[in-house]
Amino acid sequence: MSSSFHASTVDWLGCWIAAGQVKPGETIKVEADLGEQLGVSRTVIREAIKTLVAKGMLEVGPKVGTRVLPVRRWNLFDPQVVGWLSRSGLPENFVDDLLDLRRTIEPMAVRWACERATVEQVQAILQAYNALERAVDSGIDYNRADQFFHECILAASHNQFIEQMVPALGALLAVSFEVSAADPDELRRTLPIHKDMADAIAARDAARGVWACMTLIDNADLAIKRFYPQVMADKKAS
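Under the numbering used here, the first residue of the sequence shown is numbered 1313, with each subsequent residue one higher.
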């Protein structure tokens, strides 16, 4: 039960801070006030604050109290932090930075996957593409299928730093896919490019794979610029 209280308290506080209810540099309520508001003990609040300190969201000091840090100090490779930010609508510069990150990491991951993927990993990528194709036809969760496809490629890069970043990159990719998929024609338009990327990895054709990867990211950039304001408006209205 205490573990459940801790998790729910961390989630509430993380969402509350990410939604901008307390601005960077401001202090949050004392433990007793938060505990009374949330119906949990001061110990639970204290442990939740420690968790958010570890995520870079809060700073605790004897003279400053518990203070919210700027977003640039937050651990943006923590899937939970990204999730909290995305719930209330990400600032546009965050999405732009995310696209820059994709352009930095994904094309090289595709190149390495072409060179290093095992036979089993190539099969996993091809199967992930087939699942993606079925998702477009059936209308099931396309974003999750798309995310899994890209995660398979990242894992096949055989770079231990990228492999350790897969959970965080997956959460960041999910944000990018959610926005770009707001274009109703985007899914079918980009499906052949996904196939090019999968086939290129299977054929060990790095140049073709990198081209397909960059084309996908550029398409996502265009879709985001067209549909981002409406997606974020819908999030804030819900």
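Ideal placement from N, C-alpha and C gives every residue a C-beta, glycine not left out. None of the values given here were measured: they were computed from a predicted structure.
Residues bridged to residue i [DSSP beta-bridge criterion]
i, result
"VAL1322", "DSSP lists no partner for VAL1322."
"GLY1377", "GLY1373"
"THR1339", "ARG1379"
Proximity of residue i and residue j at Cβ, strictly below 8 angstroms
i, j, result
"VAL1334", "VAL1380", "yes"
"LEU1485", "ILE1505", "no"
"VAL1522", "VAL1422", "yes"
"ALA1443", "ALA1425", "no"
"LEU1325", "LEU1388", "no"
"TRP1386", "GLY1373", "no"
"ALA1467", "GLN1433", "yes"
"CYS1525", "GLU1418", "yes"
"ARG1520", "ALA1512", "yes"
The alpha helix (DSSP H) enclosing residue i, as first and last residue numbers
i, result
"GLY1395", "1391-1399"
"ARG1354", "1354-1366"
"GLU1424", "The displayed chain sequence assigns Trp, not Glu, to residue 1424. Where TRP1424 is concerned, the enclosing alpha helix (DSSP H) stretches over 1404-1428."
"ASP1449", "1431-1450"
"ARG1456", "1454-1467"
"ALA1331", "No alpha helix (DSSP H) contains ALA1331, which DSSP labels as neither H nor E."
"ARG1501", "1498-1515"
Beta-carbon contacts of residue i that lie in its chain and below 7 angstroms, excluding the five residues immediately before and after
i, result
"ARG1354", "GLU1343, ALA1344 and GLY1347"
"HIS1318", "VAL1356, GLU1359 and ALA1360"
"ASP1453", "ALA1447"
"GLU1445", "LEU1503"
"SER1316", "none"
Neighbourhood of residue i by C-beta distance below 6 angstroms, restricted to the same chain and skipping five residues each side
i, result
"MET1313", "Annotation note: pLDDT 43 at MET1313 (below 50); position unreliable, coordinate value reported separately. Correct list: empty, nothing qualifies."
"GLU1371", "ARG1379 and LEU1381"
"LEU1411", "ASP1533"
"CYS1464", "ALA1436, ILE1437 and ALA1440"
"ALA1331", "SER1400"
"SER1469", "ALA1421, TRP1424 and ALA1425"
"VAL1393", "LYS1367, TRP1386 and ASN1387"
"ARG1414", "ILE1529"
"PHE1460", "ALA1440"
"ASP1508", "ALA1524"
"VAL1352", "PHE1317 and THR1321"
Beta-carbon contacts of residue i that lie in its chain and below 8 angstroms, excluding the five residues immediately before and after
i, result
"ASN1531", "SER1492, GLU1498, ARG1501, THR1502 and ILE1505"
"ILE1329", "ILE1340, LEU1364, MET1369, LEU1370, VAL1380 and TRP1396"
"PRO1336", "VAL1380, LEU1381, PRO1382 and VAL1383"
Residue i Cβ short of 7 angstroms to the ligand SAM heavy atom set
i, result
"GLY1337", "As far as ligands go, the structure on display features none, and thus does not contain the ligand SAM."
- Hey, is the region 1435-1450 in contact with the region 1388-1402, meaning 3+ C-beta pairs nearer than 8 angstroms? In short, these stretches do not touch, since the Cβ pair count stays below three.
- Are there three or more Cβ pairs, one per stretch, closer than 8 angstroms when the region 1417-1430 is compared with the region 1514-1522? Yes, the region 1417-1430 touches the region 1514-1522.
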